[in-house]
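**Student:**
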Amino acid sequence: MSEPRRGVLPAGKASVEAPDGTRVQELLSEVGWSAGEPWTPLRRDLTAPVDQSGLRVEVVGLGQESEFTAVHRSAWGRPRFTDELWRAMTAGLPYTDARCLLARDGQGVPVAGVTIWSAGPGKPGLLEPMGVHADHRGRGYGRMICVAAAAELNKLGSSSALVCTPSSRAAAVATYESAGFRRLPERLDRTRGA
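In numbering that gives the first Met the number 0, the protein residues as written are 0 to 193.
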């Protein structure tokens, strides 16, 4: 990660999240990476069935990406996540056991989206990213899409669902907790300057 010529991370400013107290934290520190932003990891056990979320949720397939990317852009206030980028992401090998989920309200309007990443049966799954369209916040859709994500990971055989969010995003932490995720000890990422 510290040597751009190896192709893991490009040169310049970068941040990496790794569990505190691990050798990777020590090694990054030794080569000049400093402590960065605090993050809150959360986990939901999936050994028991997950109740339905109460939303109409669909797995996004090729040709449906425009609504998903529009929700994502609105949720994050960034225009970078285009349909072309979504197609590139879903064509890659890491996406083999992943799914993008799109939630709709009672009128069929797309309100929230999440990408789930399965590591295979009996292993943890990951939610990243999750977002609620800016026009539909404050109605419980974040909690519901997180429950739907946990249910989908449960169907894929995941043992648990994990997510990590900046600790400064108190509303995000509260949303995950309301969806049955349990807060784990906070950790700091490592940052390399430009």
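C-beta atoms are modelled at their ideal positions from N, C-alpha and C, and glycine is treated no differently. All values reported here derive from a predicted model rather than from experimental measurement.
#1: Measure the Cβ-Cβ separation of L101 and E151 and say whether it is below 8 Å.
#2: Could you tell me which residues DSSP pairs with R55 in its beta bridges?
#3: Check the DSSP bridge columns for V162 and list the partner residues they point to.
#4: Between which residues of its own chain and P3 is the CB-CB distance below 7 Å, once the five residues before and five after are set aside?
#5: Could you give the distance in angstroms between the alpha-carbon of D19 and the alpha-carbon of S28?
#6: Measure the alpha-carbon distance for E128 versus S33 and round it to whole angstroms.
#7: Quick check on T114: buried or exposed, where buried means 16 or more other Cβ atoms within 10 Å of its Cβ?
#8: Determine, using beta carbons only, whether A111 and V70 come nearer to each other than 8 Å.
#9: Can you grab the Cα-Cα spacing for the pair H135 / S1, in whole Å?
#10: Does the beta-carbon distance from G192 to S157 come in below 8 Å?
#11: What separation, rounded to the nearest whole angstrom, lies between the Cα atoms of L161 and G105?
#12: Whether or not the region 81-100 and the region 177-191 are in contact is what I'm after, with contact meaning three or more pairs of Cβ atoms, one per stretch, closer than 8 Å; do they touch?
#13: Starting from the Cα of G53, find the closest Cα among A148, G130, E185 and give me that residue.
#14: Answer yes or no: do P37 and S166 have a C-beta to C-beta separation smaller than 8 Å?
#15: Return yes when the Cβ of R189 is within less than 8 Å of the Cβ of A17, no when it is not.
#16: Would you report the Cα separation of A118 and T46, rounded to the nearest angstrom?
#17: For T174, which option in C99, L155, Y140 has the closest C-alpha, if you only look at C-alpha atoms?
#18: On a Cα-Cα basis, can you pick out the residue from A171, T164, C99 that is closest to G60?
**Tutor:** So, from the data block:
#1: no
#2: R103
#3: L41
#4: P9, A10
#5: 12 Å
#6: Going by the sequence as given, residue 128 is Pro instead of Glu. Distance between the alpha carbons of P128 and S33: 25 Å.
#7: buried
#8: yes
#9: 41 Å
#10: no
#11: 28 Å
#12: no
#13: A148
#14: yes
#15: yes
#16: 15 Å
#17: Y140
#18: C99
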